[in-house]
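Protein chains: 4
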Amino acid sequence: MVIHLKHSVELAKAQELASKIGATHFFDGKKHVIVTSSKVKEVPELLADYVEDHFVMETDIQLASRDYRSEKRGIKSLGIGPGKTAIIAGPCSVESYEQLDTVAQFLIKSGVKLLRGGCFKPRTSPYTFQGLGLEGLELLAQMREKYGLKIVTEVKDSSHIADVIAHADVVQIGAKAMYDHSILRACGQSNKPVLLKRGFGTTLQEFVQAAEFILSQGNSEVMLCERGIRTFENKTRFTLDLTGVAFLKHHTNLPVIVDPSHAIGYRYGVPDLTRAAMAMGVEGLLLETHPKPEQALSDAAQQLSLEEFEKLHQSLHPVATAVGQQII
Amino acid sequence: MVIHLKHSVELAKAQELASKIGATHFFDGKKHVIVTSSKVKEVPELLADYVEDHFVMETDIQLASRDYRSEKRGIKSLGIGPGKTAIIAGPCSVESYEQLDTVAQFLIKSGVKLLRGGCFKPRTSPYTFQGLGLEGLELLAQMREKYGLKIVTEVKDSSHIADVIAHADVVQIGAKAMYDHSILRACGQSNKPVLLKRGFGTTLQEFVQAAEFILSQGNSEVMLCERGIRTFENKTRFTLDLTGVAFLKHHTNLPVIVDPSHAIGYRYGVPDLTRAAMAMGVEGLLLETHPKPEQALSDAAQQLSLEEFEKLHQSLHPVATAVGQQII
Amino acid sequence: MVIHLKHSVELAKAQELASKIGATHFFDGKKHVIVTSSKVKEVPELLADYVEDHFVMETDIQLASRDYRSEKRGIKSLGIGPGKTAIIAGPCSVESYEQLDTVAQFLIKSGVKLLRGGCFKPRTSPYTFQGLGLEGLELLAQMREKYGLKIVTEVKDSSHIADVIAHADVVQIGAKAMYDHSILRACGQSNKPVLLKRGFGTTLQEFVQAAEFILSQGNSEVMLCERGIRTFENKTRFTLDLTGVAFLKHHTNLPVIVDPSHAIGYRYGVPDLTRAAMAMGVEGLLLETHPKPEQALSDAAQQLSLEEFEKLHQSLHPVATAVGQQII
Amino acid sequence: MVIHLKHSVELAKAQELASKIGATHFFDGKKHVIVTSSKVKEVPELLADYVEDHFVMETDIQLASRDYRSEKRGIKSLGIGPGKTAIIAGPCSVESYEQLDTVAQFLIKSGVKLLRGGCFKPRTSPYTFQGLGLEGLELLAQMREKYGLKIVTEVKDSSHIADVIAHADVVQIGAKAMYDHSILRACGQSNKPVLLKRGFGTTLQEFVQAAEFILSQGNSEVMLCERGIRTFENKTRFTLDLTGVAFLKHHTNLPVIVDPSHAIGYRYGVPDLTRAAMAMGVEGLLLETHPKPEQALSDAAQQLSLEEFEKLHQSLHPVATAVGQQII
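Now the structure itself:
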C-alpha cells in the first residue's frame, strides 16, 4: 500500500511511523510517502490519524504502477518524457581520450546530447579487458566540459558507486548489477537520474521491483531499459523483449529505453531493431558506436561504425514522425 | 550441397541420381535440383558428369539461404515480395457465416485482400472448442467467391491436409504442426503458397529447416511467420522474437511474416508490436480481428475489434512509408 | 468436470447427453464417463437425472489428476505400476536386422523386457536419415516373436499411426508429435499403452492435457515421459526437468518415465542422470543403446554401447533398493 | 593459458611479468601461477625464460578445468572431497536466537556439521523482510561456539562482504550476486571456502568463469552450487539443472553442491530431488529447514519442518551407499 501522509506531518514523525510498521518512507517534494508490502490491504491503525490518501496495490509494483500514478514520469534534466525519444550513443567501453573525443565530436554534429561509455566492465571472464575505471570516468567528464554532452555511464558493483554518481549525469545500473541493493539504495538516495537495465534472466515483475527500491528512497527519475533476455535461441546473443516493452509501457509510469545492440549482439540487425523500438514510441534508444568497431576492446561484433550510426540515426526521424514522437 | 544439374538431364535420370546418393530432388521450373546433406562438401563422383553448378553450404539451411540465392523470394499470386507488406486479417476461429461475412465486408472496405480464419483448432485441452472443420473451410470459400478475398487457413494435423490445400489460397502450417513431415511433404508437393509458423519452442535453425522440407519438394513459395517464443517471462503469453526476424531477414531468402496477436496474447500491446514489425520492413503482418472479441470462442483476450483493427491499420501507413514499404 | 453416469444409463443415451452439452464421453469398463470443460462448476441440468457422481476440477487436468483418482494408474500388460521401474532400452533408430538382433539378445541376457527402436525419425533436416519406416516395424515384430520382448516404437505423424498401433506393444508419441490431435485421438481409441513424450517447449500443464486427449477417449494406459526441455543452456542438448517429474508424481495419477539420453545428448552424463531418475522412484527409464554408437545413423553422441548400458543397468539395482523400487 | 613459473621466480618478478602482459597472478602455495586470456595460445615471449610449465586452454574455463587439473579439488577444513557428500542445513533466514538454537540442537543430534542461515536477504521487493544483517551474523557465530557447527552464510552485495568473511566458515555468494567482481575478488583474496551459487539466468560457462575470478586470486576452495534455472515452466519456481550438474562433474575439478529447496520452491518435491542429487554423487546438499516453516519470514512454501528434514536425511544414507558416497 502506498500512503500519502497529511502535509502537517513532520519528517521525524513520518520516519517514526514508517519504522514502527516496517515500511519504507520518503519525501516526494510535497509530502511524506510511506510504502508497505502490497499484502497490506487496510491502513494500519497506528497511521489512521496521519493519512491523507492511500492506494491499495495488487503486487509489489507500487510507485511505478499506473494504478498509483497514471501519468508517465519524465527526466527533467534530460528533457525526457512523453512524446520525446532520446538518443544515447557512444562506445561500449571508454578506451582512450582520442577514441572518446572522436565519438563526442561526431555526436555533437549529429545533434545527439547524451554520451554513453563504460568504465567498469562487468566481463564474465577475469582474463579479458576490465575497463579503465576511474580514469575513464574522468575522460567522460572532460567530454561534458568540452562539448556540453550529458554523460551516461555504468556502475558494476557497489565499490565504485560513489564515483559513478559523482561523475555521471545519468547512472546506468548494468544488467548484472540490477539486484544489488547497495547500488539501488545509493541511487535512490542520490538525485541523479538512473537508467536501470533489465537483467537477462529477470522477469518484468522483478525488473520493476528493482526500480521500486530506487523510487521508494525518494528518487523518482528512473528509466527502465530493455536489453535482451536469455532464451533458448542462440543464433542471436539475446532476444530483445519488445513484448515486455509493450507491457512496461502499458502497466508502469516509468520511461522506457531500448538497447538493441546488446540484445542481438551483431551489427547487422541493430538498425532494424532500433527502428522497431522507435515505432513503439519508447522514450530512449541506447546505441553502441565506435570509431573502429573491429578494434574495440569489448563487444566488437555489435558496435556500429560512426557512419553506420549516422545512417541509422537519419532513418529514425521519419519513423519517429510516423508515430508522433520527437527525437532529442 | 545444392546441385544444379545440366539442362540436358532428364527427369528419370535426375531422380535416379538423387535416389542413388540418398538426396532429395525437384524441378525448379528450369532445371533439376538435387540437395544432399550439408556435410557433403564435394560433388559426389556419381554426379560428376551431370552437374552444371553446385553450392557448398555450412548448415542444412540450404535452399533458403542467401548463400544459395541472394535475392528474396516472393509469392506471385499474392503480390508479396520485397518492398511490400501484406496485411492478413480475420478472426482466430471461423465461427459462423454471419461472423465471417461481417469481417469480410469490413476488410474489403479497408483494402485488405487476405482473410485468415481457423477451422481446425490445435487447442491444448480436449475440453474446449475444436473448430468447425470442413464446414469452416466452406464458409471461407464462400467469402472468396463473394468478395474476391484470398483465403489463409491453418492445417493442424495431416488428417485434413488435403482438404485445406484444396480450399485455401495460402496453407498455414501451425506452430504445433511445423515438425510434421507428412504436412511439410504434402505442402512441398502442392502448388499453394505456404505460411509456415515457427513453433514456440523452435530454434531459428530448426524453423528454416522445416521450410527446407517444403522447398526441397519443389514448392518455392514459403513464408516464415514469427509468432512468439516461449521464455521465462509470463506476464505476456509469449515473447515476440524480432531479434530472430532480423536474423531471418539477413540470412534467408524467404519472406517474413509477423503475428503479434498470438505473441503477446493481450489486445493492449498488439498495435505497438505491429508497428514495430512494420518498421522492420517485413513482408506481411498477421492480425486477429473479430466483430465481438469478448464473445470469441478462442483467443478472446487478444483479438482486436474491427474498430481497433482499422485504427491500427491506418496508423501503419506512415510507418510503412517511413521505411520505404508499401502496404498491400 | 468429470461426471460418472449411473450404471443404468446405456451407451446411446450417454453419447447423446455428451453430445448435447459438447463434452467428451467414454466407457471406462464399468460406467460411462462424461468430461466437460473444467470451467463448468455445476452439473448441467440436462444430466441431473443420470449422474451417479461428479468431480469439479480446477484446470483441464482432470482424468489425470489426483483429485479425480488418487491412486496411481499402472500398465497391466507390462507390469508397470507403483513400486516398479521398467527399463526400456534399444537403439535410437532401427537400422538393420543384425543391429537389432544383437541388441535384443543382449537385452534378454540383461533381463530387460522392453525393446525400443525408432522407425519413423522426426529429423529436423530433410537431408539426413529418415528411418526405415514399415520395414523397421517388421524387424521389431520379429524380435518380439524371436525373444518375447515387448516393442516400444514411435509415431511421428498421423500418416503411419495405424501401422504403429498394429505393430507395437507400446505406442510412443514423440516430443514433436505430442500436440497432434489425430495421433492422440487414434491412440485414445486403441487399446495399446501409450508412452507420451513431453515436447521440449511444452509446459507441464499442456503435457498433461495432451494425455487427457487420450484418456478422454477411453484409453487409460498413458505414461508421461520427460525427455528434456529447451532452455538457455546450450552446453547440454536439453535440460532434463526432474523438478517437473516431481510435479507430475505429486499432482497426477499417471506413471512417469524418464529419458536421460535425449535430455543431455552426450553419453558421459547418461549414467548419473539415470541413477538420479531412479532415485526419484519413477515407473520407467528409457535408454538408448547401440552395438556401435559411433556408427549410429542418428544420435551417435548420446547412445551407450552395450557394455556401458550393462554397467549402468547393474548400478541401478542398489539405487532402486535404496528407494524401495523393484527394477523390471 | 595457465602458466606455472619456475620455483626460482620471486613474488615481485611474478607480479611484474603478469602486469606487463595484462594477466592475473597468484601463488598457489608452491609456485607462482599466471593466467592469460584463453585466446593466447603460445607462451608470451617476455615470459619465455621463467616458465616451468604451461597449459593451453580452449575457453576461459581454465583453472577449474579438468584439462588443467584432472583430480577433483576438495575443501580441507570441511572434509569435503571425492566420495563424501556434506549436508548443509538450516533456515532460509536467521530470525531469532530461539529459532536458530532449536535448529542447531536438532542438526547436532542428526549428525549434521554445517549450519546455513541468511542474514542479508536479496529480496526482489523492497517491501518485504530484508534480514537481520550483522545481528544475524553474530547469532550464527554463537551457534558455532555453542555447538561446534561450521557456519555457511550468504553475501548479498559488496557493502557487507568483509563482515561475512569475518564471521562465516563458508562464504556463500548468492545467485543474484555471482557476477559481482568486488565480491568475487574479495573472496579470492580471503582464505575462506566459497560456496558459489549459479545465477538463475547464468550459463554453465559463465558460472564456472565466475569461479575463475576467485581461483585466479589464489583461493582454490570454491564449490559450485546448482539451485535451479529460470525456464518457461512456471508450475515450479525454477528448474533444477541436474543435466548441468552432470556437465560440471565431467568438465570441472570443483566440488558440486545441489540446492533442491530453492529450485522447486515447494516442499512436496524436495525429498525426491534431494535423493536424485544424492544418486549423482555430488559433494554437498543444501537444505532449508525451519522449526515452523509456515511462520517463516521468507521462503515459507519450500522449507522442510525439522521432522521432514530428518526423515529425508535418514532416507539419503542407503542412496549414498548405493552410489559409493559417504554422507558427512
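Protein chains in written order, with my numbering: chain A, 1 to 328; chain B, 1001 to 1328; chain C, 2001 to 2328; chain D, 3001 to 3328.
Here a beta-carbon is modelled for each residue, glycine too, at the ideal position from N, C-alpha and C.
Which runs of the alpha helix (DSSP H), 4 residues or longer, sit entirely within the segment 3211 to 3261 of chain D?
Within the segment 3211 to 3261 of chain D, the complete alpha helix (DSSP H) runs of at least 4 residues are 3242 to 3251.
Closest residue to residue 219(A) among 7(A), 73(A), 61(A), 53(A) (Cα-Cα distance)
As a working note, residue 219(A) is residue 219 in the first sequence. Measuring from the Cα of residue 219(A), the nearest candidate turns out to be 73(A).
Could you name the residues of the segment 2187 to 2211 of chain C whose beta carbon sits closer than 7 Å to any beta carbon of chain A, in the order they occur along the chain?
none
Given 8 Å as the limit, is there contact between the segment 3206 to 3215 of chain D and the segment 201 to 213 of chain A, that is, 3 or more CB pairs closer than that?
no
Under the three-state reduction of DSSP, which class applies to residue 99(A): helix, strand or coil?
In the first sequence, residue 99(A) corresponds to position 99, counting from 1. The answer is helix: DSSP assigns residue 99(A) an H, G or I state.
Hey, quick one: how far does the alpha helix (DSSP H) through residue 1308(B) stretch, first residue to last?
As a working mapping, residue 1308(B) is identified with position 308 in the second sequence. 1306 to 1322 is the span of the alpha helix (DSSP H), which, as asked, contains residue 1308(B).
How should residue 2250(C) be labelled, buried or exposed, when 16 other C-beta atoms within 10 angstroms of its C-beta is the threshold for buried?
Here residue 2250(C) corresponds to residue number 250 of the third sequence, with the count starting at 1. Exposed, since its Cβ has fewer than 16 Cβ neighbours within 10 Å.
Taking 9 Å as the CB-CB cut-off, is residue 1990(C) touching chain A?
Any property of residue 1990(C) remains undetermined from this structure, which presents chain C solely from 2001 to 2328.
Can you name, in chain order, every residue of its own chain whose Cβ lies under 7 Å from the Cβ of residue 3222(D), other than the five neighbours on each side?
Walking along the fourth sequence from the start, residue 3222(D) turns up at place 222. Once the five neighbours on either side are set aside, the close Cβ partners of residue 3222(D) are 3194, 3196, 3211, 3214, 3215, 3254.
Contiguous alpha helix (DSSP H) assignments of at least 4 residues, all confined to the segment 2162 to 2190 of chain C
2181 to 2189
Given a cut-off of 9 Å on the beta-carbon distance, is the pair residue 1172(B) and residue 1202(B) in contact?
Against the second sequence, residue 1172(B) aligns to sequence position 172. Against the second sequence, residue 1202(B) aligns to sequence position 202. Not closer than 9 Å, so no.
What runs of the beta strand (DSSP E), each 3 residues or longer, lie entirely inside the segment 2127 to 2167 of chain C?
2150 to 2155
Check whether the segment 3229 to 3244 of chain D touches the segment 2228 to 2239 of chain C, taking contact to mean three or more Cβ pairs, one atom from each stretch, closer than 8 Å.
yes
Quick one: which chain B residues come within Cβ less than 7 Å of residue 264(A)?
As a first step, residue 264(A) is located in the first sequence; it is residue number 264 there, counting from the start. In chain order: 1243, 1246.
If you scan the segment 3029 to 3094 of chain D from start to end, which runs of the beta strand (DSSP E) of 3 or more residues do you find wholly inside it?
3032 to 3035, 3051 to 3055, 3084 to 3090
Give a yes or no on whether 9 Å exceeds the smallest Cβ distance from residue 318(A) to chain B.
As a position in the first sequence, residue 318(A) is number 318, starting the count at 1. For residue 318(A), the answer is yes, since a Cβ of chain B falls inside 9 Å of its Cβ.
Would you list the one or two residues that DSSP bridges to residue 3004(D)?
The sequence position of residue 3004(D) within the fourth sequence is 4, counting from 1. 3033(D), 3053(D).
Three or more C-beta pairs below 8 Å linking the segment 3112 to 3122 of chain D and the segment 3130 to 3147 of chain D
yes
With a threshold of 9 Å between beta-carbons, can residue 3256(D) be considered close to chain A, or not?
Sequence index remark: in the fourth sequence, residue 3256(D) carries index 256 (1-based). Answer no: the Cβ-Cβ gap between residue 3256(D) and chain A never drops below 9 Å.
Spatial neighbours of residue 1011(B) in its chain, beta-carbon cut-off 8 Å, leaving aside the 5 residues before and after
Against the second sequence, residue 1011(B) aligns to sequence position 11. Within the same chain, residue 1011(B) has close Cβ partners 1027, 1032.
Just curious, the beta strand (DSSP E) that residue 2275(C) is in, first and last residue?
Within the third sequence, residue 2275(C) is the residue found at index 275, counting from 1. Segment 2270 to 2279 is the alpha helix (DSSP H) holding residue 2275(C); no beta strand (DSSP E) there.
Whole-angstrom Cβ separation of residue 1163(B) and residue 2127(C), contact assumed at under 8 Å?
What you label residue 1163(B) is simply residue 163 of the second sequence in a count that begins at 1. What you label residue 2127(C) is simply residue 127 of the third sequence in a count that begins at 1. At roughly 30 Å, the Cβ-Cβ gap does not stay under 8 Å, so residue 1163(B) and residue 2127(C) are not in contact.
Bridge partners of residue 2327(C), per DSSP?
In the third sequence, the residue the question calls residue 2327(C) occupies position 327. The partner list for residue 2327(C) (beta bridge, DSSP) reads 2085(C).
What residues in its chain sit with their C-beta under 6 Å from that of residue 3002(D), if we drop five residues either side in the sequence?
In the fourth sequence, counting from the first residue as 1, residue 3002(D) sits at position 2. These residues qualify, in order along the chain: 3035, 3055, 3062, 3068.
Does any residue of chain B bring its CB to less than 9 Å from the CB of residue 2181(C)?
Position 181 of the third sequence holds residue 2181(C). By this cut-off, residue 2181(C) is an interface position.
Buried versus exposed, by CB contacts within 10 Å (16 or more), residue 2307(C):
One-based indexing of the third sequence puts residue 2307(C) at position 307. Exposed, since its Cβ has fewer than 16 Cβ neighbours within 10 Å.
C-alpha gap between residue 242(A) and residue 317(A), whole angstroms
Taking the first residue of the first sequence as position 1, residue 242(A) is located at position 242. Taking the first residue of the first sequence as position 1, residue 317(A) is located at position 317. Their Cα atoms are separated by approximately 20 Å.
Does residue 1127(B) get closer than 9 Å to chain A when you measure Cβ to Cβ?
In the second sequence, the residue the question calls residue 1127(B) occupies position 127. Not an interface residue.
As a quick exercise: from 1309(B), 1278(B), 1236(B), pick the residue whose alpha carbon is nearest that of residue 1293(B).
In the second sequence, counting from the first residue as 1, residue 1293(B) sits at position 293. The candidate whose alpha carbon is nearest that of residue 1293(B) is 1309(B).
For the alpha helix (DSSP H) holding residue 3288(D), just list the boundary residues, first then last.
Looking up residue 3288(D) in the fourth sequence gives position 288. In the DSSP assignment, residue 3288(D) falls outside any alpha helix (DSSP H) and within the unbroken beta strand (DSSP E) covering 3284 to 3288.
To the nearest angstrom, how far is the alpha carbon of residue 3071(D) from that of residue 2315(C)?
Taking the fourth sequence and counting its residues from 1, the one referred to as residue 3071(D) is at position 71. Taking the third sequence and counting its residues from 1, the one referred to as residue 2315(C) is at position 315. Their backbone Cα atoms lie some 23 Å apart in a straight line.
7 Å Cβ shell around residue 99(A) - same chain, five flanking residues per side excluded
Locating residue 99(A) in the first sequence gives position 99, where the first residue counts as 1. By the criterion of a C-beta distance shorter than 7 Å, residue 99(A) is surrounded in its chain by 91, 291, once the five residues flanking it on both sides are discounted.
Buried or exposed (CB count within 10 angstroms, at least 16 for buried), residue 1176(B)
Position 176 of the second sequence, counting from 1, holds the residue named residue 1176(B). Residue 1176(B) is buried by the Cβ-count criterion.
Of all the residues that make up the segment 33 to 59 of chain A, which are near chain D by a beta-carbon distance shorter than 8 Å?
Within the segment 33 to 59 of chain A, contact with chain D at the beta-carbon level (separation under 8 Å) is assigned to 35, 36, 37, 38.
N- and C-terminal bounds of the beta strand (DSSP E) containing residue 3197(D)
For the purposes of this step, residue 3197(D) is taken as the residue at position 197 of the fourth sequence. Counting along the chain, the beta strand (DSSP E) containing residue 3197(D) begins and ends at 3194 to 3197.
Any Cβ of chain A within less than 9 Å of the Cβ of residue 1001(B)?
Indexing the second sequence from 1 puts residue 1001(B) at position 1. No, residue 1001(B) does not count as interfacial toward chain A.
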